[in-house]
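Chemist: Position 213 of the sequence shown, counted from 1, bears residue number 215 in our numbering, the numbering being contiguous throughout. Ideal Cβ positions, reconstructed from N, Cα and C, are used throughout, including at glycine. Values in this document were obtained by computation on a predicted structure and should not be read as measured data.
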Amino acid sequence: MSRPVPNPGILDIAPYTPGKSPVAEPGRKVFKLSANETPFGPSPKAIEAFKRVADHLEDYPEGTSRVLREAIGRSFGLDPNRIICGAGSDEILNLLAHTYLGQGDEAISTTHGFLVYPIATMAVGAKNVVAQETNLTCDVDAILKAVTPKTKLVWLANPNNPTGTYVPFDEVKRLRAGLPSHVLLVLDAAYCDYVSRNDYEMGIELVATTENTVVTHTFSKIHGLAALRIGWMFGPEHVVDAVNRIRGPFNVSTPAMYAAVAAIEDTAHQAMSKQFTETWRNWLTEEIGKLGLKVTPSVANFVLIHFPTEGKTADAADAYLTKRGLVLRALKNYGLPHSLRMTIGTEEANRLVVEALRDFMASK
């Protein structure tokens, strides 16, 4: 009996596995710290904007997300005509792959890069080439060494998820300068709002001054609109034109668009979240380090915690924490079987994790 057969390479793709959600139990409070969601939720102004459009859900969205593109343009000083909005930055990453990759092409990502990159690459029949990292950080020389005549695109999350590390802007510029001009460099800046380093830049300058660089961003992190699935890209006019030709005409819903406009304009909410994150990121790194566990220095809204390969393992810690209602992210699918990623949560959640890890390390 015959049946439809997927395109070559599709069944070789490992499906994306999100962070597990806690299972509520009577009498036990649970904290989901596995998905890098903000503990503050969205700006109250974004919620109000979302509710205001609820009376008109029968209407199709404006097909180009014009109002949001203009708001992003005002916020970042960009030309709205060089911005594309999408159903999360995930959709935009996939659109870029469909636009610039095909059978026989290659795209480069790093060892512990975002798992959507190989999925988007392989979904269009291209080959995912992995460049080795150094100390869980992108290595520009390793990426450049991996380039072949078949290379068409380079994916770079900066800061990187799940490691929390980043590449200074001078290194990003060196990467761009070292890549062939026909290779598209995709800078994924999902976590840029949490970075306070003087040598970091999300990539807008490179996009503005080159013909072969784009930067993507999301409203799922500091803006707290993950459920609405909304992201954006800034790119050269020719890239925006090409991607727009395959983008769905109503890919951003009206409620998502107006909530995102209100969110990006509420700079006080963003500043509060950034300051809180920085304070508790430093505290968690120090306190967990005191327990004898290594924490990779992070600039994002999460920390990567490393456990011994025997005894007090990541698996054992994960089970122990889960029993106490603290759900972190196991990272076997990211090639980090001995580590857990912890989203920075509320003060209560952060203190409970450190307390639980202290008990875990002391247990027999």
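Does residue 91 come out as helix, strand or coil in the three-state DSSP assignment?
Modeler: helix
Chemist: Around the Cβ of residue 357, are there at least 16 other Cβ atoms within 10 angstroms (buried) or fewer (exposed)?
Modeler: exposed
Chemist: Please state whether DSSP places residue 167 in a helix, a strand or coil.
Modeler: In the structure shown, residue 167 sits in coil (DSSP, three-state: anything other than H, G, I, E or B).
Chemist: Looking only at C-alpha atoms, which of 43, 232, 259, 172 sits nearest to residue 69?
Modeler: 259
Chemist: Identify which residue in 200, 336, 328, 335 has its Cα closest to the Cα of residue 30.
Modeler: Of 200, 336, 328, 335, the residue nearest in Cα terms is 328.
Chemist: Would the segment 279-299 count as touching the segment 92-102 if we require 3 or more Cβ pairs under 8 angstroms?
Modeler: no
Chemist: Can we say the segment 45-55 touches the segment 344-355, given the rule of at least three CB pairs closer than 8 angstroms?
Modeler: no
Chemist: Please report the straight-line C-alpha distance between residue 146 and residue 181, rounded to a whole angstrom.
Modeler: 7 angstroms
Chemist: Count the other CB atoms, across all protein chains shown, that sit within 10 Å of the CB of residue 7; report buried if there are 16 or more and exposed otherwise.
Modeler: exposed
Chemist: Look up residue 299 in the DSSP assignment and say whether it is helix, strand or coil.
Modeler: coil
Chemist: CB-CB under 6 angstroms to residue 257, same chain, minus the five flanking residues each way: which ones, in chain order?
Modeler: 52, 55
Chemist: Is it buried or exposed for residue 203, if we count other Cβ within 10 angstroms and need 16 for buried?
Modeler: buried
Chemist: Alpha helix (DSSP H) containing residue 246: first to last residue?
Modeler: 239-246
Chemist: Ignore the nearest five residues each way along the sequence and tell me which others in residue 119's own chain have a CB closer than 6 angstroms to its CB.
Modeler: 111, 157
Chemist: Give me the Cβ distance between residue 302 and residue 163, rounded to the nearest whole Å; I'm assuming they're in contact under 8 angstroms.
Modeler: 7 angstroms
Chemist: For residue 34, which residues does DSSP report across the bridge?
Modeler: For residue 34, which the question treats as bridged, DSSP gives the partners 329.
Chemist: Roughly how many whole angstroms lie between the Cα atoms of residue 279 and residue 198?
Modeler: 11 angstroms
Chemist: For residue 46, count neighbouring C-beta atoms within 10 Å of its own C-beta (all shown protein chains included) and say buried if the count is 16 or more, exposed if not.
Modeler: exposed
Chemist: Determine the contact status of residue 246 and residue 88, defining contact as a CB-CB distance below 8 angstroms.
Modeler: no
Chemist: Given a cut-off of 8 angstroms on the beta-carbon distance, is the pair residue 187 and residue 153 in contact?
Modeler: no
Chemist: Starting from residue 304, trace the beta strand (DSSP E) both ways and give me its first and last residue.
Modeler: 304-308
Chemist: Look up residue 231 in the DSSP assignment and say whether it is helix, strand or coil.
Modeler: coil
Chemist: Evaluate contact between the segment 12-20 and the segment 219-238, counting only Cβ atoms and requiring at least three cross-stretch pairs below 8 angstroms.
Modeler: Too few Cβ pairs lie closer than 8 angstroms, so no.
Chemist: In angstroms, rounded to a whole number, what distance separates the CA positions of residue 2 and residue 142?
Modeler: The requested residue 2 is not part of the displayed model; the chain covers only 3 to 366.
Chemist: Express the C-alpha separation of residue 172 and residue 371 in angstroms, rounding to a whole number.
Modeler: Residue 371 cannot be examined here, being either before or after the span of the chain that is shown, 3 to 366.
Chemist: Do you know how far the Cα of residue 320 is from the Cα of residue 310?
Modeler: 13 angstroms
Chemist: What are the residues that DSSP puts in a beta bridge with residue 108?
Modeler: 129, 153
Chemist: Using 8 angstroms as the threshold, is the C-beta distance between residue 314 and residue 363 below it?
Modeler: yes
Chemist: Is residue 221 helix, strand or coil when you go by DSSP?
Modeler: Looking at residue 221 - three-state DSSP - the assignment turns out to be coil, as it is neither helix nor strand.
Chemist: Please tell me whether residue 10 and residue 127 are closer than 8 angstroms, where the distance is taken between their beta carbons.
Modeler: yes
Chemist: Measuring only the C-alpha atoms, how far is residue 179 from residue 261?
Modeler: 38 angstroms
Chemist: What is the C-beta distance between residue 109 and residue 130, in whole angstroms, given that I count them as a contact (C-beta under 8 angstroms)?
Modeler: 6 angstroms
Chemist: With distance defined between alpha-carbon atoms, name the residue in 74, 340, 248, 272 nearest to residue 232.
Modeler: The shortest CA-to-CA distance from residue 232 to any of 74, 340, 248, 272 is the one to 74.
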